[in-house]
Structure formats: C-alpha cells, structure tokens
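So the sequence shown is numbered by our numbering: it starts at 58 and just counts up by one. Using N, Cα and C, we set each Cβ at its ideal position, and we do this for glycine too.
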Amino acid sequence: MSRYQFVPCLPTGEPLGEALTASKRNLTKQRNGVHQATLVLPMDDAISGRIQPGFSRLKVWRERSAAELAAGLSGNVLTFYGHLPSQGLKLSPSGESMECSFLDPRWVLSRRYNLGTETFTATDQGDILWGLVATQNARTGGDTWIRQGGTTTGVIRDRIVEYSDRQLVSQLVSQMTQLIDGCDVDVDPVDGWGTGLGRVMGNLRCYLSQGADKPNMTFEYGVDTLANCAAVEVEWDEVTTLATVTGTADQSETPVVGTYGSPDASSLGLLEEYASDSDVSTQTTVDQKARGVVLAKQGLRPIFTVHGPTSDAPRAFEQYDIGDTVRVTVKKGAWSFASVPVRVDGINLDISQEGVETPTLTLAGA
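Here it is as structure tokens:
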C-alpha cells in the first residue's frame, strides 16, 4: 500500500476524491526546476469526467512515518500541489485512459513576461525574485497563486529589468540561480482551500543553498550485504572550479575570483578561455556581464543515478528532500567511492496500481 494519496481537485482546490483507480502515479522533483505529478486514469472513472485541462488541480499527500508519529507529528504532509496546463492532458489511442501531467505553480512564469521597467537597488536576490512574481500577481486576472515565503539569502544585488528587453519571468529566475552565490528557488505547497487562503498554491522560497547536510543518510551499492539500492550509475560532469575575470562590465580590470564545485587542485582539468560566457562570468550585480577574458579551471564532479532504494534505504520526502546533502558509497568492479557527499538534485517516484513505490534519485557531487 502506497504512503501517497493523489487527489484531483476543482480549480478552487476543493478535492474530488483520491484517484484510487489510477494505473500510474508519478511524482518528480528537481532542484531549481518545476515539479511535476502525473496520473493515468481510466476514462470510466467518475473523476476522469471532471478533469478539465487548464483548470483542474492536484494535491499529493504523504502519510506520516512511524518515526514522525512517535515524535508527535500528526496529519498528512502536502508534498505537491499543482495545476493542469491545457497541454497537460493526453488521451490514449484506444480512448480507454487519460494521462494528466500537473505542474507546480511556477510553470506559469514560463508564460509571463516582465511588466514595465522594474528597478531593484541594494536588494536581496531572493527579494528581487519575489518582486518580479508580486508584479505578476498584481495583474488583473494574473494571479500566480504563489505567495512570499522565506526569500532572504544574504546576497545583495542591483537589478534593472528593462521593459524594452522583455524576458520571461522564468528566465529571470533561472539566471539568478546560475550566478556565483546565486540562490536556489523552490515553492512550498500550501493547501489554500483547506486553510482558508482560497486558491493559494504555494510560498516562494529562496535559499543561498537549499537543503541541509544529512550525514546519516547513505546509499550503498555493491558493498557486500550492506547494499540498500538495486543499482547505481555513475557519470561525470564538467564544472568550473575556479574562474578569474579580467575586465568586467565597468572595464575596471579588477580580477574577480569565484568558486564552483570542489576547489581541490587534484581535480582540476585544463585551463580554458571564455569570452563573456554567462556560465562562468562573475558579476557584482546580476546585470553585469564579463567583457574581458575569463580564465577557468575545470574539474569533474560525479553524478550518481540511484535506482530502486530498498526499504532499508533513506526515504525520499520523509528523511531527505531536494537540495539535501547525503552520502553515496559504491564499490563495484574498478569503481570505488567511499561516503562521497552529494546533493539531491532530482527525485523521481513511480507508484504502481498496487501501491509499489519505485524511486530513482539523481545525486550530484556537492
């Protein structure tokens, strides 16, 4: 029996009932990405007839674990609250089922452009992002149903968003997450209908670094009988570990140093040159682009894809969530990684009709 309840709702957030006949349920979260939940329902289910593309919503609730109940925590946990875009509904070729893909409320930011010229001076980067969302909320009929949560990151920036250089709000958010000392962005789901907040769906959260270090959360594979997952795939990603900019947008030619990934000299690769590369340029403000040459040392970080954690493994959304730092130990053939600290970049949870949960995790070198 699954610990998760997928509950389709009316546009107001009023529940229609749990989707007990769904042949497929999936919940996918990624760091700094829009979260998604998918249902496949038979067409003869009463709920199917009330699903409306562009209007319907979905709440995913998680039952409390025994440890949480023992700690005095009660009530189910709202893990996801999303909206069904008009493109999110697909009928099967046979016409016997429908697939519904719901997205968290940030998805609408990929359809919204900045309004007018907005200027932020000496403002926390998280508050800048909230300001852009708040402007959208103030539009007539344009509420995103996102409200302000914790948006203080401690990094102050200047920002001018020109009306003449219109950009999608989602692009502006993405740019902020990619800067040196940029922030992680997420939306905490909020059951507005159930808490008297109307159609509100979530609170915007901005973190200098999302998540917490969970040193006791370890995934082990190929370690004799200690293995607690079915398989682990390993690949590598190039990251800039040290970048020096000579000549910034103000032509000051003052070198600026920024650090990405592990600064360990033993992991550094070739020294490469970039000209105005937005991925490695360091900026004193979000608008400042490097005009000089960027000397960048690149290193490698491991990316682990963990398949089928067993019941003995840490439980997603219960013991760890997106952004947390956990550990991976892999000893298989020529590969050996001993308690490597990694950040949770993605969680994909498939739930069968029988309630069997199959998680797949993406863990990137911290």
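Helix or strand or just coil, what does DSSP make of residue i?
i	result
residue 366	strand
residue 108	coil
residue 185	helix
residue 82	strand
residue 192	helix
residue 393	strand
residue 281	helix
residue 168	helix
residue 294	strand
residue 204	strand
residue 376	coil
residue 88	coil
residue 173	coil
residue 76	coil
residue 410	coil
residue 403	strand
residue 371	coil
residue 422	strand
residue 69	coil
residue 425	The structure shown has nothing for residue 425, since the chain only spans 58 to 423.
residue 415	strand
residue 197	coil
Whole angstroms is fine: what's the gap from residue i's alpha carbon to residue j's?
i	j	result
residue 252	residue 67	16 Å
residue 218	residue 192	12 Å
residue 228	residue 84	24 Å
residue 181	residue 210	7 Å
residue 406	residue 392	27 Å
residue 272	residue 404	18 Å
residue 102	residue 292	43 Å
residue 53	residue 274	Because the chain here runs from 58 to 423, residue 53 falls outside it and cannot be looked at.
residue 368	residue 60	13 Å
residue 265	residue 239	7 Å
residue 263	residue 178	18 Å
residue 244	residue 118	16 Å
residue 208	residue 214	14 Å
residue 383	residue 395	12 Å
residue 232	residue 257	26 Å
residue 65	residue 160	13 Å
residue 110	residue 158	10 Å
residue 172	residue 387	50 Å
residue 414	residue 359	26 Å
residue 371	residue 235	29 Å
residue 418	residue 137	17 Å
residue 77	residue 221	50 Å
residue 91	residue 389	34 Å
Would you check if the distance between the CB atom of residue i and the CB atom of residue j is smaller than 7 Å?
i	j	result
residue 283	residue 277	yes
residue 261	residue 190	yes
residue 269	residue 381	yes
residue 385	residue 397	yes
residue 89	residue 294	no
residue 365	residue 287	yes
residue 250	residue 69	yes
residue 259	residue 162	yes
residue 216	residue 170	no
residue 145	residue 115	no
residue 376	residue 80	no
residue 420	residue 361	yes
residue 57	residue 153	Here the chain has residues from 58 to 423 only, and residue 57 is not among them.
residue 230	residue 186	yes
residue 104	residue 73	yes
residue 254	residue 167	no
Go ahead and label residue i buried or exposed: buried means 16 or more other beta carbons lie within 10 angstroms of its beta carbon, across all protein chains shown.
i	result
residue 174	exposed
residue 176	exposed
residue 204	buried
residue 132	exposed
residue 267	buried
residue 195	exposed
residue 113	buried
residue 96	buried
residue 126	exposed
residue 82	buried
residue 199	exposed
Quick one: is the Cβ of residue i within less than 6 Å of any heavy atom of the ligand MN?
i	result
residue 73	Absence of the ligand MN is noted for the structure shown, with no ligands found whatsoever.
So is residue i in contact with chain B if we call contact Cβ pairs under 7 Å?
i	result
residue 129	In the displayed structure, chain B is absent; only one protein chain is listed.
Could you tell me which whole alpha helix (DSSP H) segments of length 4 or greater appear in the region 208–271?
226–235, 249–252
Return the chain-ordered ranges of every beta strand (DSSP E) run that is complete within the region 96–165 and spans a minimum of 3 residues.
114–119, 134–140, 146–148, 154–160
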